[in-house]
Amino acid sequence: MDQSIAYLHEVLSNYTEENKAVQHIDHKIEANDYRSERQFVEELSQGDVQMLRQILLKEMHHANQAGDHERGYQLNEVYELLY
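Position one of the sequence shown corresponds to residue 5 (our numbering), numbered consecutively onward.
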């Protein structure tokens, strides 16, 4: 699994109990062996993209505030492809 996707999977686990849309996205990650962020993003619906934009903005901010720049960088790799 791509490193950025692995970080995303970890982040999404914090949201799966609350949100069925996030469960759907996380299931895609678990069910597929994505070799790149681009491959993952290409399989997302518009609704998935909108959900991830919101989550990633929040999580990148949190990672950077906590000094976890590696996590922030990896999540940003996915975020940039959502546009």
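We put the beta carbon where it would ideally sit given N, CA and C, even for glycine.
Taking the continuous alpha helix (DSSP H) assigned at residue i, which residues delimit it?
{"i": "residue 77", "result": "73-85"}
{"i": "residue 63", "result": "50-69"}
On the criterion of 16 or more Cβ atoms from any shown chain inside 10 Å, does residue i qualify as buried, or is it exposed?
{"i": "residue 17", "result": "exposed"}
{"i": "residue 76", "result": "buried"}
{"i": "residue 10", "result": "exposed"}
With residue i and residue j assumed to form a contact (beta carbons below 8 Å), what rounded beta-carbon distance in angstroms separates them?
{"i": "residue 5", "j": "residue 37", "result": "6 Å"}
Can you tell me whether DSSP reads residue i as helix, strand or coil?
{"i": "residue 11", "result": "helix"}
{"i": "residue 39", "result": "coil"}
{"i": "residue 47", "result": "coil"}
{"i": "residue 30", "result": "helix"}
Is the CB-CB distance between residue i and residue j below 9 Å?
{"i": "residue 23", "j": "residue 64", "result": "no"}
{"i": "residue 81", "j": "residue 34", "result": "no"}
{"i": "residue 51", "j": "residue 70", "result": "no"}
{"i": "residue 47", "j": "residue 62", "result": "no"}
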